[in-house]
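First residue of the sequence shown? That's 623 in my numbering, and the numbers climb one at a time after it.
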Amino acid sequence: MAKLQSSYFVCFGFSIFVNLFFVLKLYVGGEWELSWSRRAAEDAEHVAAISCSGHGRAYLDGLVLDGKEPVCECNSCYGGPDCSEFLTACAANVDNGDPLFLEPFWMQHAAKSAVVVAGWHRMSYTFSDQSYISAELERHIRQLHAIVGNAVTQGRYIIFGAASTQLLNAAVHALSSHNSSSSSSPASVVASIPYYNLYQLQTELFQSTNYVFQGDASLLQNISDDTTIFIEFVTSPNNPDGHLNKAIFQGPNAKAIYDRVYYWPHFTAIPAPADDELMIFSISKFTGHAGSRFGWAVVKDESVYKRMSEYIELSSLGVSRDAQLGSSKAGRGPRVVVPRLEDVPGLIPF
Ligand SMILES: Cc1ncc(COP(=O)(O)O)c(C=O)c1O
623 MAKLQSSYFV
633 CFGFSIFVNL
643 FFVLKLYVGG
653 EWELSWSRRA
663 AEDAEHVAAI
673 SCSGHGRAYL
683 DGLVLDGKEP
693 VCECNSCYGG
703 PDCSEFLTAC
713 AANVDNGDPL
723 FLEPFWMQHA
733 AKSAVVVAGW
743 HRMSYTFSDQ
753 SYISAELERH
763 IRQLHAIVGN
773 AVTQGRYIIF
783 GAASTQLLNA
793 AVHALSSHNS
803 SSSSSPASVV
813 ASIPYYNLYQ
823 LQTELFQSTN
833 YVFQGDASLL
843 QNISDDTTIF
853 IEFVTSPNNP
863 DGHLNKAIFQ
873 GPNAKAIYDR
883 VYYWPHFTAI
893 PAPADDELMI
903 FSISKFTGHA
913 GSRFGWAVVK
923 DESVYKRMSE
933 YIELSSLGVS
943 RDAQLGSSKA
953 GRGPRVVVPR
963 LEDVPGLIPF
């Protein structure tokens, strides 16, 4: 009997030991020990550490030299295998720019801005509520505007798009077909000079029967026409002159699309939260992640919201879930677009 009891205690002790061993193996110093993500994390850090002389960068999805190392992709006017050669015959491009000035900021906050995802991340066409947008990200965007104080979002609809570029045309589409029963002629799309030239290029590209680009807003302002709808691009702050533009056209037939992509505290003072009928934002200028192609519109009118949503749905079935990715932190739930904005101090005072 005593022998049976002692072997019972031996087995019990052994079982406790084995359990403790596996618990300690899972958690080292209170941290989860990585398994399947370790290789991906190592690859990401390895590529990020490749030196390109401060004039370029190597990427995980870049060209690979000899089937081994990704090669440096050099910034304009630099060349050579490590981007150390300055190309003297290089012309400066003042026509367009890239928000790469924010790259050092993200490098300083590398740990907090990194995002790791599983290979089976959101493979479905829709979220579980059958929508194309992350409700958590929408909530975060509203919170972001409230904290920054640059836009009113209460009682407004939010639509996601492939950055502002897709949303700008979605807005033209929605406003030109809206109220179209009262107007037989196509809506006139206008902007104040100097304006961002994509407005014209994109409006003309689609050759819609609902709208036509008419150019300078100030030239058309005094034309009295009760039937034509005027859709005005109002860029505030404006590209290229930085002015906080306001709509020139007023009245029942005037519709404004407020391009607010630069309305962030690192570009301009924010005198008051913007409260326009239709406002467009994107992360391209805000965080500098122009390559992620993520933006959102804040819309007052429900029918305009529905038309814009339909445009996004029919043209792309929503925005890439990877771009919408809200990375989860243990116990705190998913949150914001790549990278987790509220985790990164400095850019916005969270
Ligand atoms: C005024 C303005 N609006 C919109 C865009 C397009 O930006 P994105 O599509 O990356 O949001 C730009 C880009 O330079 C811009 O200057």
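Even for Gly, the Cβ is constructed at its ideal location relative to N, Cα and C.
Through-space distance from residue j to residue i, alpha-carbon basis
i: His795; j: Gly783; result: 14 angstroms
i: Phe908; j: Ile638; result: 53 angstroms
i: Glu695; j: Leu789; result: 30 angstroms
i: Thr775; j: His762; result: 11 angstroms
i: Ala813; j: Thr857; result: 8 angstroms
i: Trp886; j: Ile769; result: 12 angstroms
i: Asp944; j: Val632; result: 52 angstroms
i: Asp704; j: Ser942; result: 32 angstroms
i: Leu947; j: Tyr833; result: 34 angstroms
i: Asp720; j: Tyr884; result: 13 angstroms
i: Asp665; j: Leu682; result: 8 angstroms
i: Ala809; j: Trp918; result: 24 angstroms
i: Gln752; j: Phe916; result: 20 angstroms
i: His888; j: Thr748; result: 34 angstroms
i: Ser950; j: Ile815; result: Here the model assigns Ser950 a pLDDT of 34, short of 50, so the residue's position is not dependable, and the following value carries that caveat. Answer to the nearest angstrom: the Cα atoms are 44 angstroms apart.
i: Pro961; j: Leu685; result: Bear in mind that the predicted position of Pro961 carries a pLDDT of just 45, short of 50, making it too unreliable to give a figure here.
i: Lys928; j: Phe723; result: 36 angstroms
i: Leu759; j: Met745; result: 18 angstroms
i: Leu766; j: Gly741; result: 29 angstroms
i: Ile566; j: Leu823; result: Outside the displayed span of the chain (623 to 972) sits residue 566, for which this structure offers no information.
i: Gln843; j: Ser706; result: 52 angstroms
i: Ala662; j: Asn715; result: 36 angstroms
i: Asn861; j: Asn718; result: 10 angstroms
i: Gly701; j: Leu642; result: 56 angstroms
i: Ser931; j: Ser914; result: 20 angstroms
i: Gln872; j: Pro859; result: 20 angstroms
i: Gly678; j: Pro692; result: 12 angstroms
i: Ala670; j: Tyr817; result: 37 angstroms
i: Ser756; j: Ile781; result: 11 angstroms
i: Asn867; j: Asp838; result: 14 angstroms
i: Tyr754; j: Gly910; result: 24 angstroms
i: Thr710; j: Cys699; result: 7 angstroms
i: Arg660; j: Tyr779; result: 40 angstroms
i: Phe636; j: Tyr630; result: 10 angstroms
i: Phe634; j: Glu655; result: 27 angstroms
i: Ile905; j: Ala785; result: 7 angstroms
heavy atom of ligand 1 below 6 angstroms from residue i C-beta
i: Val883; result: yes
i: Asn861; result: yes
i: Ser904; result: yes
i: Ala680; result: no
i: Gly917; result: yes
i: Tyr818; result: yes
i: Ser786; result: yes
i: Thr857; result: yes
i: Ala912; result: yes
#### Entry: Stretch-stretch touch, CB-based, cutoff 8 angstroms, three pairs: the region 884-895 with the region 836-853
no
Any alpha helix (DSSP H) of 4 or more consecutive residues that is wholly inside the region 818-871
820-827 and 839-842
Threshold first: 3 residues or longer. Then list the beta strand (DSSP E) segments lying entirely within the region 888-923, N to C. 900-904 and 917-921
Any contact between the region 873-883 and the region 901-918? By contact I mean 3 or more CB pairs, one from each, below 8 angstroms. yes
Any chance you could list the alpha helix (DSSP H) runs of at least 4 consecutive residues sitting entirely within the region 717-778, in chain order? 725-730, 732-735 and 757-770
Segment contact flag, the region 826-834 with the region 936-949, C-beta cutoff 8 angstroms, min 3 pairs: no
| request: Jot down the residue ranges of each uninterrupted alpha helix (DSSP H) in the region 643-715, minimum 4 residues, whole runs only, in chain order. | output: 660-670
*asked:* Taking contact to mean 3 or more Cβ pairs, one atom from each stretch, closer than 8 angstroms, check whether the region 921-932 and the region 725-737 are in contact.
replied: no
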